[in-house]
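Following: one structure in structure tokens, then a few remarks.
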Amino acid sequence: MVAVALAGLLLLVVIAVLATRQKVQEVYTQLDEVNMMHRHVEGRLRRLRSDIHLSGIYVRDYLLDNSHLTGPFYKERLTELREATVGTLAELERSTGPREKEYFGSLREKLADYWQTFDPLFDWSPAERSAFSSGFLRREVLPRRDAVLSLTQSIEDFNNENIRDQRAEVGQRERELHSYLNRMLAWSLLLGIAVSVAAVFRIHSLERRSEEERERTETAESEMRRLSHELVHAQEEERRSLSRELHD
């Protein structure tokens, strides 16, 4: 019985260790996924804002450039930035959940409006650029750029809130893991105590049986000595009796 209880204790410890390892791996895997997604979204939003700021710098430089030969260069740079922002936006949509769809729909519209603002610029002459650049930047470019940046900030705030919720969920799983470990520890201690009590009881039972066997052995030896003494006494009496009869 003690051996069975001990085997059960060892089995419980092995199961607890394996289950704990699996649960810990699940918690850390989920936490890594949450952190990786957060870094991925943050990086894409940072790149999107950087491209928007860079496009504004290109537009400003183009409007301040009096040369009529630099138009293709700036147009090509802006086209590259436009394609990059479209690709970044697609990556963001794939990296986030359905709750962010509304934000991305608005952001796509704001980005399209922002880039379309630059289409007429490359038909302007150097004189028109010099005359209209300040008002164009103030009335057309900056409000649209700020609208795009404001939406990216809203997406980042929403993503941060989502990340906080997911980290809270991971924290809850960590608390459940600690509770599980405490339960397994309690069961292990209870079973260990049961095994110890059973072992003590078994040892005490064996000691009692050994003491009883020793007492029975001593009693049997004492009885044998008594019988032997009586036999010797009877033999002596028999000899004396025979001696008397022979003497008579």
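Counted from 1, the sequence shown has number 46 at position 60 by our numbering; the numbering is strictly sequential. Yeah, the Cβ is synthetic: ideal placement off N, Cα and C, and Gly gets one too. Note that the structure is a prediction, hence the values are computed from the model and not measured.
Closer than 7 Å to a non-hydrogen atom of the ligand COA - does that hold for the CB of N168? Absence of the ligand COA is noted for the structure shown, with no ligands found whatsoever.
For S41, which option in V27, D105 and R169 has the closest C-alpha, if you only look at C-alpha atoms? D105
Within 10 angstroms of its Cβ, does L217 collect 16 or more other Cβ (buried), or is it exposed? So L217 ends up on the exposed side.
With 16 other Cβ atoms within 10 Å as the buried cut-off, status of S227: exposed
When we look at the beta-carbon of K87 and count the other beta-carbons within 10 Å, is it buried (16 or more) or exposed? exposed
Where S196 and H164 are concerned, what is the direct C-alpha to C-alpha distance, given to the nearest angstrom? 47 Å
So, for T82: in the same chain, excluding its five sequence neighbours on each side, which residues have a beta-carbon less than 6 Å away from its beta-carbon? none
Measuring alpha carbon to alpha carbon, tell me which of Y60, A98 and Y89 ends up nearest L243. In the structure displayed, the chain extends from -13 to 234; residue 243 sits before or after that span and is not available.
Can you tell me whether S119 is buried or exposed? The criterion is at least 16 other CB atoms within 10 Å of its CB, across all chains shown. buried
Below 8 Å between beta carbons: does that hold for T71 and L34? yes
Considering only C-alpha positions, which residue in the set N145, D143 and L167 is nearest to Q8? L167
What distance in whole Å lies between the Cβ atoms of L31 and I179, which are believed to be in contact at a cut-off of 8 Å? The Cβ separation is near 57 Å, so there is no contact.
Near E77, what residues of its chain come up, given a Cβ to Cβ distance below 6 Å and the 5 sequence neighbours on each side ignored? R30
Can you give the Cα-Cα distance for R221 and M210, rounded to whole angstroms? With the sequence shown as reference, residue 221 is identified as Gln, and Arg is not the correct amino acid for it. Between the alpha carbons of Q221 and M210 lies a distance of about 16 Å.
Taking 6 Å as the limit between beta carbons, can you name the residues of its chain near R63, skipping five residues before and five after? The beta carbon of R63 sits closer than 6 Å to the beta carbons of Y44 from its chain, once the five residues preceding and following it are set aside; these are given in chain order.
Between L93 and V134, how many whole angstroms is the CB-CB distance? I'm expecting something under 8 Å. 7 Å
Collapsed DSSP secondary structure at W101 in the structure displayed: helix
Straight-line gap, E126 to F90 (C-alpha atoms, nearest Å): 22 Å
Taking its Cβ as the centre, do 16 or more other Cβ atoms sit within 10 Å of R115, making it buried, or is it exposed? Using a 10 angstroms sphere on the CB of R115, the tally of other CB atoms reaches 16 or more, which defines it as buried.
Let me make sure I understand the geometry here. Which of S111, E19, E193 and G73 has the alpha-carbon closest to that of N52? S111
With 16 other Cβ atoms within 10 Å as the buried cut-off, status of V181: By the neighbour-count rule (16 or more Cβ atoms within 10 Å), V181 is buried.
For the alpha helix (DSSP H) that contains S116, what are its first and last residues? P112 to F122
Rounded straight-line distance, which links the Cα of A184 to that of E223: Cα to Cα, the separation comes out at about 58 Å.
So which of L123, D151 and A172 has the shortest CA-CA distance to M50? Here the sequence assigns Leu to residue 50, which means Met is not the residue at that position. Ranking the options by Cα distance to L50, first place goes to L123.
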